[in-house]
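Working notes for the structure below.
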Amino acid sequence: MRNLFLFFREHYFYFLFLLLETFSLILFFNYNEFQGSSLYSVSNAVSGSVNSIFNGISEYFSLRKTNRVLIEEMAKLHSRIPEAFYISDVNVFYKKDSIVNLEYKYISAKVISNSTNKRNNFLMINKGSIHGIENHMGVIIGNKIVGQVVSVSAHFSWIMSMLNKDSRISGKFKKNNQLVNVEWNGGTYRKGQVKEIPKHIVMVKGDTIITSGNSDIFPEGLMIGTISGYKNAQDENFNNGEIVFSTDFNSLGYIEVVVDMMRKEKEALKASFKTE
Amino acid sequence: MTSRTLFFNFIRFFFLIFFQVLILNHINLSGYINPYFYIYFILLLPFDTPKWMLLIAAFTLGWSVDMFTNTIGLNAAACVMMAFFRPFVISAISSGPESLLGDTPSLRNQGLKWFLYYSVILIVIHHFTFFFLEVFRFSEFIATFVRVLLSSAFTLLLVLISEYLLYPRGK
Numbered sequence: 228m229r230n231l232f233l234f235f236r237e238h239y240f241y242f243l244f245l246l247l248e249t250f251s252l253i254l255f256f257n258y259n260e261f262q263g264s265s266l267y268s269v270s271n272a273v274s275g276s277v278n279s280i281f282n283g284i285s286e287y288f289s290l291r292k293t294n295r296v297l298i299e300e301m302a303k304l305h306s307r308i309p310e311a312f313y314i315s316d317v318n319v320f321y322k323k324d325s326i327v328n329l330e331y332k333y334i335s336a337k338v339i340s341n342s343t344n345k346r347n348n349f350l351m352i353n354k355g356s357i358h359g360i361e362n363h364m365g366v367i368i369g370n371k372i373v374g375q376v377v378s379v380s381a382h383f384s385w386i387m388s389m390l391n392k393d394s395r396i397s398g399k400f401k402k403n404n405q406l407v408n409v410e411w412n413g414g415t416y417r418k419g420q421v422k423e424i425p426k427h428i429v430m431v432k433g434d435t436i437i438t439s440g441n442s443d444i445f446p447e448g449l450m451i452g453t454i455s456g457y458k459n460a461q462d463e464n465f466n467n468g469e470i471v472f473s474t475d476f477n478s479l480g481y482i483e484v485v486v487d488m489m490r491k492e493k494e495a496l497k498a499s500f501k502t503e
Numbered sequence: 002m003t004s005r006t007l008f009f010n011f012i013r014f015f016f017l018i019f020f021q022v023l024i025l026n027h028i029n030l031s032g033y034i035n036p037y038f039y040i041y042f043i044l045l046l047p048f049d050t051p052k053w054m055l056l057i058a059a060f061t062l063g064w065s066v067d068m069f070t071n072t073i074g075l076n077a078a079a080c081v082m083m084a085f086f087r088p089f090v091i092s093a094i095s096s097g098p099e100s101l102l103g104d105t106p107s108l109r110n111q112g113l114k115w116f117l118y119y120s121v122i123l124i125v126i127h128h129f130t131f132f133f134l135e136v137f138r139f140s141e142f143i144a145t146f147v148r149v150l151l152s153s154a155f156t157l158l159l160v161l162i163s164e165y166l167l168y169p170r171g172k
């Protein structure tokens, strides 16, 4: 017993190393389960408040640009109000019944931390569960995709950017509705990869890829990007292409979170089949 | 360790963490270069730091950076790995305990050659662990390896700049 004790004392450095290293690795690989724990929400609150202080300062540097974006957005909205339309017909058809339901709702939020230089990039926004944000909601800017919500605290949300190895977005060609997958392999944040393009599709540079609406995360028809190059694989069933993202991930200021009002219904429908 | 060095290390700890998460993490150079300069703290710990404290300090440092980047355990694992190798690297590249002048590793005390060996080996250990854990895919081996080398070079550059700025030769 004494020898055992001495052995431990002699080699405590190795044991301590193994202990700490294993502990870190367990946390790292079980990250998803860990997100729910109380320790996590404490660290999220600390980093959230530091980030918002720092962001409060750096916000001043981009006021000019924010103004420009807001003015553009305002012009776009002005052009949509009824007064902007020339009404040629007096017989306006007005419909109000249960066939028309609101499917998507949008919550605007400000990005308080963002990165584009890592292999796995995340954003933090200043709205959380008390504003109605939940996990797996899509995040967009204008009509362009950004990512999806992966973790929510009371006042902040953590968003997995498109620029992440776990991010995989279902898209389609705008011209012929052929489904593809969009991923990001690292490197420059402007370009991603289009996977699983059926062989018979004729691509040209500049083809537009939009969201397919198949994934319950994004509504259909949001811009993902345009094809900038492609390779015809000889020995596989699918071709791969390169895409230039429409979103400038490095200059996200204000974004919108997509709330799918009919999501519960869709999920219940899927679940009801599984339990059969 | 005197209370004075303890105090300086404490300040350095917080300064480097904030420098890392508020400034360096926002720098984007071609998607391949991410300097992790905060590990300068581990490089600069005094020679007579107890080994257990070395590991605990590295773990705390990595954990604190992890809190801000939402990569719980990633930086901590890389830092602990680096701290574990530190005593071995020091004894491997020094001719003997008497050759270690001063109480902290520095360019002024140990000379350029010693300091370069010391920091290059430890920085590469850290970055290697960090990037390969982060990607955790062998299909991107070459790309990850390039990231390790480029980022290590950039971190080393920052370390050398601060060595020359903060501890100039000949007082």
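Going line by line, the protein sequences match chains P and V. 462 is the number that my numbering gives to position 235 of the first sequence; each next residue is one higher, with no gaps. 148 is the number that my numbering gives to position 147 of the second sequence; each next residue is one higher, with no gaps. Beta carbons: idealized from backbone N, C-alpha and C, even for Gly. What you are looking at is a predicted structure, and each value in this text was computed from that prediction instead of being measured.
- Shortest Cα-Cα distance from Lys332/P to any of Glu483/P, Lys303/P, Lys493/P and Asp434/P involves Glu483/P.
- Cβ atoms of Ser384/P and Val376/P come within 8 Å of each other, at about 5 Å.
- With a threshold of 16 other beta carbon atoms within 10 Å, Trp115/V meets it and is buried.
- Per DSSP, reduced to three states, the secondary structure at Lys114/V is helical.
- Tyr37/V and Lys303/P have their C-alpha atoms roughly 43 Å apart.
- In this model, Val471/P and Ala336/P are separated by some 25 Å (Cα to Cα).
- The straight-line gap separating the alpha-carbon atoms of Tyr119/V and Asn412/P is approximately 33 Å.
- For Ile386/P, the enclosing beta strand (DSSP E) stretches over residues Ser384 to Ser388.
- Look at Asp487/P here: in three-state DSSP terms it is strand.
- Exposure of Asp49/V is indicated by the presence of fewer than 16 other C-beta atoms within 10 angstroms of its C-beta.
- Here Tyr41/V carries a helix assignment [DSSP, helix/strand/coil].
- Annotation: Ser378/P to Lys292/P spans about 29 Å, alpha carbon to alpha carbon.
- When C-beta distances to chain P are compared with 9 Å, the residues of the region 114-141 of chain V below that value are Phe132, Leu134, Glu135, Val136, Phe137, Arg138 and Glu141, in chain order.
- At a cut-off of 9 Å between C-beta atoms, Ala154/V does not count as an interface residue with respect to chain P.
- Assignment of beta-bridge partners to Phe472/P by DSSP yields Gly452/P.
- In the DSSP assignment, Val421/P falls within the beta strand (DSSP E) that extends over Lys418 to Pro425.
- For Asn408/P, the enclosing beta strand (DSSP E) covers residues Leu406 to Glu410.
- Against Ala58/V, chain P offers no close residue; the least beta-carbon distance is about 11 Å (beta-carbon pairs closer than 7 Å).
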